[in-house]
Every structure is written in C-alpha cells, then in structure tokens.
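In the numbering used here, the protein residues as written are 3 to 577. Cβ atoms here follow ideal geometry from the backbone N, Cα and C, with glycine treated the same way.
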C-alpha cells in the first residue's frame, strides 16, 4: 500500500520548560502535553481512585468474601491484558490474606470469550462463591445471570465499552460504564484491576483488617510491572494516566524489582532489562504471553507470571518462546493464504474495496487477529479475518480498523440493521471480535463492505506516516537517540518520534528474507538503517541512488556495543 509522509504542524510549546531540548519540547507539545507537571509521571498525579465508579461496592463484596473465607475465582481472559490482570489479582488476594482463591481462564477454542454460562458452571462445580472477572464481563449477561441463579456473587472489572444494558453483577468497576467520572477512559483491564486493589487496600485499612489479621499492609506498587506490561501489550492509548502506570512499571523492572516471570520473559526475548523500553512489552514480551492463549492454554502464560522462582519461570518462558515461534509459522502461512484469497477475488493495491472480510476453513482461531492486523497495515483497510469454530457451525472473527472508523460501532450498526446476522460482538474503536453463522459469511462480507463504504471518507483510505519533520544532522547521534528513549514511554496515541529526510543510498541488501538493510549518507556522514517486511519485488534496486526516508532513531545493542540505527518506517525512491 503506497503511503504518504505527512509532517506535523508546528504548535506552540511556550508552556513547557526552556530546560527541555527544543526538539523534544516540540514533540511533547505536538502530542498534547499541557504542562511540565504532566512530564513528571509521578504516581501522585494518577487519576484519583475514588473517581472510578463501582469500587466501593466491589470492596464491600470482596471484604465479605474474605471475612467468610469464601472461595474466590478470578475469571481471566486469553490475551496479555487478561493474563496480567489475572496474575495481578491472584497476587493481590494473597497480599490481602485470602486463603481460598484460584483462577479460571476460558479456553478460546471451547468456550469463547468472557464469563459464559458454561464457565460459571465449571466454577460452580469447583466450589466458587465469588467470581471476579478481569478484562471482561461488561457484556457477559448470560454468564452473570447464570451465576446469580446459582447464588454466586459476581464482581465485574473491565474496560471495554458498555452496551445499552449492564449485566446484573453485584458490583461493576469499569470507567466506560455510564456515569463514571474517571478521566482515563483508555485504561487497560489490568489498570482497572490495579485501581481495584488500591481501593481494596484502603478499604481493608479502614476496617482494621491488616492489624486484626496480623498482615503487613501491602505496597500495591509492587504490582506495577504487571500493569505496565498489560497496558502496552493491549495497545490502549497512552494518555497521561497510562503513561504514569507504564513508566512506573518500567522503572521497577529496570531496577531489577520485578517478578521472576517477567525477568525470564525478558531473558528469552534477548532484551536488556536495564534498558527495557515500552515497545519491548508490545513486540517482545506480550506476544510470548499471547502465544499461550492463541495456540494452547493461557493458564500457562499466567503461571509463568505467577512463578515464585526464576528457575521455574525460565522453563515456562522457554515454552512460551517455542509457542510463539510456532505461532509465527502459522501466521506466515495464513497471511500467504489470505493474499492468495485476495488475488482470487481480483483485489490488488489499485483495486481494493473499502473493507476486507476473509475466511478460510483451515485458518487457526488463535492467530486470526494478528493476520487481520497485518492485512490492515498493508492495505490500510478495516479488516476482519474469520476462522471456523470447533463444531463448524460458527465463524469466529477478529477485526482490526484504521483511524477514522470505530469498528465496534460499525458492527453495532450492522447488527441493528440486520439483527440475525451477528451472533455476538464486542470490542474497541480499533479492534473487535464477533461470531456469525458459517452459512452467513457472504452476507456478512457484503454488509461489512457496504457499510464501511458509507462510513469511510476517501481521504481516510490513504495510509499516512506522520513525521516530526527533518532532524538536524547534529542530533543524529547516540546521545540524542538516548534522549528520545528517556523522553518516553511512547506508545499508542503518544507515538515515538518519526523524522524524514532525503539521503544518498550507499549500500542495500536483503537480510532475513524480507528485510532491507541499508547504509545511507547525508552531508558526508554515514548511517545504518533497516526496513522490515519490504516489497522484495522492488528492493534492492541498484538503479536507485537517492531515497526519501521516514525513520525512527534507534539504539542497536549487539555484543554489549551500542550503535545508532535508523528504523525505517517508509522508503521512497527519488530517482
């Protein structure tokens, strides 16, 4: 997909300190940083706990369960946010003195997403008296109703958008439910669970719980490594509140104050713990945890995060790494099949519909979300990829969208127009999941494309790379690259700076089958660069000498040596 590089407009940055590097100051201002205070990323500046609706009720319900020594079940989810949320709640229950607790994660291939009636029945058979959902539950009406019928109490903690009707839970903690004044609507599921734990500690303190039970009052900040990992891995917007959570978690990890499971995942991913950055959560640690839920059982990923010693954690991290390698192989095969399906439909970069919906009977349920994301990135179209359920009666779909199209709202609109078409759906602006009957695929495919065409303006279909402009040659150095690293955390809706400029192409070669390794020159200075997943039909090209690059300044670490590297986001030949 041809993209264009668009430079950000220069905005006023006079409200920020003169002590900040001028280029960094402009970068901050262009991302909406409104004051120097916002850059301190101190926990004291977190959105107040008491502003999150439902926390007091949730604390009352959990306190009663602790007092009566009831059996508490954490109902998790099969992605990294769900895994970190589950691990966080398990650790917190132990810190609060709970003696009877465990977790249960729905297997995506058997039960699907969230608190279903079937999962409630399984928990009931195991003696559950209180269910606490994490990263799910706000749309799980049938499951909550089943629990209430069995006289099992339910606390829902979630961050997904609420529907018109809320489930009949004993307490609902979700900043996106009606009338919640909590300011960080972008908080991840693990962040919601963290706030629940903060509120619970205060509640128990006021009840004199810790003194009565001779329990040391816990420092909830010890859970921030899990919060940081889950927040970035779930690709939620890094607003000011989320940036504080991520930065505080990163600081603890870099200082060596983290749990064995995260340390083992850092090791197996080949990352430097002291130099860890937020993107490592999304591209290195998160995928390894997700691999368990995609291909096997997310309980394995959660148990890695819960490991008490490094030896056990390393064994589990190695297994997660192997699963992730298998996931990559499956994903590559599915992506090639998807390209073949598009070709058979006579789709190409010059002839694309406004949206893409694909299905193949051999595709793996656990990987469809990644493939949808890859196709969305390549073609800049909202994309849904479907796989068949175990019984063959339903198709499970994973959707990824582009800026300007709220994918969950679109699915809700389709559902309102054709009520029998979608069995169930849920999600966010940029990602969603759904289920349809197998025989309805073509009807859904047609509806999805038609409604997307109505909702999408033509200018939104052009992929863009947003640049922070040209970078002065004297700033293309290791110290400035480190300054950019330290200015983070960077992530969703608070993107790491991208710069663009013209360069002379000195060397070019393919590495790893589809990555372009280059050396470029600017005013007599040479720079190494790499562009991932390029079009090998176009590159390398010995006839090209001048290029326009959009790039990020990166620090390459190899055998304890650090060197400057341009991570190329877009390359265009100028010859």
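Checklist entry - Taking one C-beta from the segment 370 to 384 and one from the segment 326 to 337 each time, how about it: are there three or more such pairs within less than 8 Å? => result Flag = yes, the segment 370 to 384 and the segment 326 to 337 touch.
Item to check | Cutoff 6 Å; reference residue 99; Cβ partners in own chain excluding five residues on either side | outcome: Indexing the chain shown from 1 puts residue 99 at position 97. Counting only Cβ-Cβ distances below 6 Å, and skipping sequence neighbours, we find 215, 217.
Checklist entry - Between the C-alpha atoms of residue 353 and residue 451, what's the straight-line distance to the nearest angstrom? => result Here the question's residue 353 lines up with position 351 in the chain shown. Here the question's residue 451 lines up with position 449 in the chain shown. The straight-line gap from Cα to Cα measures roughly 14 Å.
Item to check | Check whether residue 162 and residue 190 have beta carbons under 8 Å apart | outcome: Along the chain shown, one-based indexing puts residue 162 at 160. Along the chain shown, one-based indexing puts residue 190 at 188. Their beta carbons are not under 8 Å apart, which means residue 162 does not touch residue 190 by this criterion.
Checklist entry - What residue range is occupied by the uninterrupted alpha helix (DSSP H) comprising residue 316? => result Numbered from 1 along the chain shown, position 314 holds the residue referred to as residue 316. Where residue 316 is concerned, the enclosing alpha helix (DSSP H) stretches over 312 to 346.
Item to check | Outcome for residue 135 when other beta-carbon atoms lying within 10 angstroms are tallied against a minimum of 16 | outcome: Within the chain shown, residue 135 is the residue found at index 133, counting from 1. Looking at its Cβ environment, which holds 16 or more other Cβ atoms inside 10 Å, residue 135 is buried.
Next on the checklist: Going by DSSP, what residue range makes up the alpha helix (DSSP H) through residue 243?
Outcome noted: Along the chain shown, one-based indexing puts residue 243 at 241. It spans 242 to 256 - the alpha helix (DSSP H) in which residue 243 sits, taken as one unbroken run.
Checklist entry - Taking the continuous beta strand (DSSP E) assigned at residue 372, which residues delimit it? => result Here residue 372 is taken as the residue at index 370 of the chain shown, counted from 1. Careful: residue 372 lies outside any beta strand (DSSP E), inside the alpha helix (DSSP H) at 370 to 381.
Next on the checklist: In whole angstroms, give me the CA-to-CA distance for residue 69 and residue 242.
Outcome noted: Here residue 69 is taken as the residue at index 67 of the chain shown, counted from 1. Here residue 242 is taken as the residue at index 240 of the chain shown, counted from 1. Inter-residue distance for residue 69 and residue 242 is about 37 Å (C-alpha atoms, whole angstroms).
Next on the checklist: Looking at residue 576: is its Cβ nearer than 8 Å to the Cβ of residue 548?
Outcome noted: To locate residue 576, count along the chain shown from 1; it is residue 574. To locate residue 548, count along the chain shown from 1; it is residue 546. A Cβ-Cβ contact shorter than 8 Å links residue 576 with residue 548.
Checklist entry - Hey, residue 322 and residue 303 are a contact pair by Cβ (cut 8 Å); roughly how many whole angstroms apart? => result The sequence position of residue 322 within the chain shown is 320, counting from 1. The sequence position of residue 303 within the chain shown is 301, counting from 1. So it is a contact: roughly 6 Å between Cβ atoms.
Checklist entry - Who does residue 506 pair with in a DSSP beta bridge? => result Taking the first residue of the chain shown as position 1, residue 506 is located at position 504. DSSP lists 523, 548 as the bridge partner or partners of residue 506.
Next on the checklist: My parser needs the beta strand (DSSP E) runs of 3 or more residues fully inside the segment 171 to 219; what are they?
Outcome noted: Runs of the beta strand (DSSP E) inside the segment 171 to 219: 173 to 175.
Checklist entry - Hey, quick one: how far does the alpha helix (DSSP H) through residue 91 stretch, first residue to last? => result Counting from 1 along the chain shown, the entry for residue 91 is found at position 89. For residue 91, the uninterrupted alpha helix (DSSP H) run begins and ends at 82 to 97, by DSSP.
Item to check | Straight-line Cα distance separating residue 570 from residue 508 | outcome: Here residue 508 is taken as the residue at index 506 of the chain shown, counted from 1. Here residue 570 is taken as the residue at index 568 of the chain shown, counted from 1. Distance from the CA atom of residue 508 to the CA atom of residue 570, rounded to whole angstroms, is 15 Å.
Checklist entry - In three-state DSSP terms, what is residue 30? => result Within the chain shown, numbered from 1, the residue matching residue 30 stands at position 28. Collapsing the DSSP output to three states places residue 30 in a helix.
Next on the checklist: Alpha carbons only, please: which of 511, 573, 455, 567 is nearest the one belonging to residue 544?
Outcome noted: Reading the chain shown from its first residue, position 542 is the one you call residue 544. Here the closest residue by C-alpha is 511.
Checklist entry - What are the partner residues of residue 559, as DSSP defines its beta bridges? => result Walking along the chain shown from the start, residue 559 turns up at place 557. DSSP lists 564 as partners of residue 559.
Next on the checklist: For residue 528, which residues in the same chain have their Cβ closer than 7 Å to its Cβ, ignoring the five residues on either side in sequence?
Outcome noted: For the purposes of this step, residue 528 is identified with residue 526 of the chain shown, where counting begins at 1. Within the same chain, Cβ atoms closer than 7 Å to the Cβ of residue 528 are found at 508, 521, the five residues on either side in sequence being excluded.
Checklist entry - Considering only C-alpha positions, which residue in the set 77, 447, 379 is nearest to residue 465? => result The count along the chain shown starts at 1 and reaches residue 465 at position 463. Nearest C-alpha to residue 465 among 77, 447, 379: 379.
Checklist entry - Would you call the CB atoms of residue 413 and residue 434 closer than 8 Å? => result Here residue 413 refers to the residue found at position 411 of the chain shown. Here residue 434 refers to the residue found at position 432 of the chain shown. Pairing residue 413 with residue 434 gives a Cβ-Cβ distance under 8 Å.
Item to check | At least 3 beta-carbon pairs within less than 8 Å: the segment 398 to 407 vs the segment 428 to 444 | outcome: Because the criterion of three Cβ pairs below 8 Å is met, the segment 398 to 407 and the segment 428 to 444 touch.
Checklist entry - In three-state DSSP terms, what is residue 362? => result Reading the chain shown from its first residue, position 360 is the one you call residue 362. Coil, per DSSP.
Checklist entry - Does the beta-carbon distance from residue 230 to residue 283 come in below 8 Å? => result Along the chain shown, one-based indexing puts residue 230 at 228. Along the chain shown, one-based indexing puts residue 283 at 281. Closer than 8 Å, so yes.
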